[in-house]
Ligand code: G3H
Ligand code: 13P
Ligand code: ZN
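Numbering (our numbering), first residue to last: 31 to 346.
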C-alpha cells in the first residue's frame, strides 16, 4: 500500500487507548532499525523528518528509503510526516514532495499569528489530501537550531486548554502538539520529572475525540546513557520522561508520541562501544550494524510502552 495519513491511526488510537510512535529518521540505518521493529510487532508507524534531516540527507534519498519501507511492508500503515515545519513555504514544499502529514510549528509566535499561519497551511494541505499538526504552548530544550525554554520556564508555558479549543476550532487543524512539561533533547529535567496530565484531561473534556501529540518524549534509557558514559561519552546529567508517564498519556488523548533522542542515544552508545572494544575496527558495517540492531530492539520495546504493538491491521 501507499503512504497513509494519520486519520485512521488517530481514530483507533484515541478509541482504543494507545499512541502511535513518531520516530525521527535521518539516514538508512535509523529507518531500517525502526521499520524492522514495526514489521515484527505489526504496529502502525509515523516516520518523521525534520528540516535538519531534509538538509542533511536530502529529501530524495529519504523519500526513496521510505518508499522501500512502504513497498516491503504492505500490511503496515506508514505515514511520512514533517516534524516542526516553520513556514508555509516549507510545509507546502513537503506537501508537494509527497508527505502525508505536516507539522506547522508557530508556537513561538503570538496566538493570533499562530492561528493565521496554521490556517494557511491547513487550507493548502487539506486541498491536497494531507493532514496537519500544529503546536500551542512552548517546550524546552533544543529544537532544530532554536534553543527553547529553560527547565524553570517550561512549566510556565503549558498549553492553555481554553486556548486549545479556540485554536482547533479556528484553524481546522487535525492534531495538536501540547506543552505539558516535556522538552526536546537529553536534558529534560533537573529534578523529579513532573508532567501536567491535567492539561491533557481538560482538553479531552472540552474537545472529546481530538488527538493530541506529545513532543520531547524520549526516556533517555539507562542502558544507553550508561554505555555512552562508560565508553568516553559525557552525558552524566541526561534525564528523560519516565516510560510510565508515556504509557499514561498514551491511554489518554495523546495519540502521537515523538521520539528522536532515544534513537540518537542507542546509535551513539553502540558505535562508542564498538570503537572502545575494538579500536582497530574501521568497517562502518561493523558499527552501524550493531547500532541498527540496538535501534530495532529499543523501538520494539517502545511500541509496547505506547500500546501500539499489534495494532497495524486496525489502522489500515
Ligand atoms: O525536534 C527535534 C527533533 O529531535 C529533530 O531534531 O532538528 O536536530 O533533526 P533535528
Ligand atoms: P526527544 O528529543 O525527546 O526525542 O523529542 C523528539 C521530538 O519531539 C521531535 O519532534
Ligand atoms: Zn518536537
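Each residue gets a CB set at the ideal place from its N, CA and C atoms; glycine is no exception.
- Under the 10 Å beta carbon count, residue 221 is surrounded by fewer than 16 other beta carbons and is classified as exposed.
- DSSP places residue 331 within a helical segment (H, G or I) once states are collapsed to three.
- DSSP, read as helix, strand or coil, puts residue 85 in helix.
- Taking the C-beta atoms as reference points, residue 188 is found nearer than 7 Å to residue 226.
- Remark: the shortest separation between the CB of residue 288 and any heavy atom of ligand 3 falls under 6 Å.
- Our two residues, residue 117 and residue 308, have alpha carbons roughly 45 Å apart in a direct line.
- Out of 223, 245 and 103, the CA that lies nearest to the CA of residue 164 is found in 245.
- According to the DSSP assignment, residue 54 belongs to the beta strand (DSSP E) that extends over 50-54.
- With a 10 Å radius around the Cβ and a threshold of 16 neighbouring Cβ atoms, residue 86 comes out exposed.
- Inclusion of residue 206 and residue 242 in the CB contact set at 7 Å is warranted, their separation being smaller than that value.
- A distance of 7 Å or more separates the beta carbons of residue 184 and residue 247.
- Residue range 58-71 is occupied by the alpha helix (DSSP H) that includes residue 66.
- Taking the Cα positions, residue 223 is about 29 Å away from residue 39.
- By the neighbour-count criterion, in which a residue is buried when 16 or more other Cβ atoms sit within 10 angstroms of its Cβ, residue 266 is exposed.
- Between residue 75 and residue 65, the alpha-carbon positions lie close to 8 Å from each other.
- Between the beta-carbon of residue 324 and that of residue 341 there is about 24 Å, and that puts the pair past the 8 Å contact cut.
- Three or more Cβ pairs drawn from the region 55-69 and the region 326-333 lie within less than 8 Å of each other, which places the two stretches in contact.
- Between residue 322 and residue 258, the gap from beta carbon to beta carbon reaches 7 Å or more.
- Not one heavy atom of ligand 1 falls within 6 Å of the beta-carbon of residue 207.
- A straight line joining the alpha-carbon of residue 262 with that of residue 313 spans about 20 Å.
- By the neighbour-count criterion, in which 16 or more other beta carbons inside 10 Å mark a residue as buried, residue 214 falls on the buried side.
- For the pair residue 58 and residue 95, the CB atoms are nearer than the 7 Å cut-off.
- Counting along the chain, no beta strand (DSSP E) covers residue 168, and no H or E run does either.
- The beta carbon of residue 62 lies closer than 7 Å to those of 322 in the same chain, with the five residues before and after it left out.
- Just measuring C-alpha positions, the residue of 304, 268, 44 and 285 sitting nearest residue 292 is 268.
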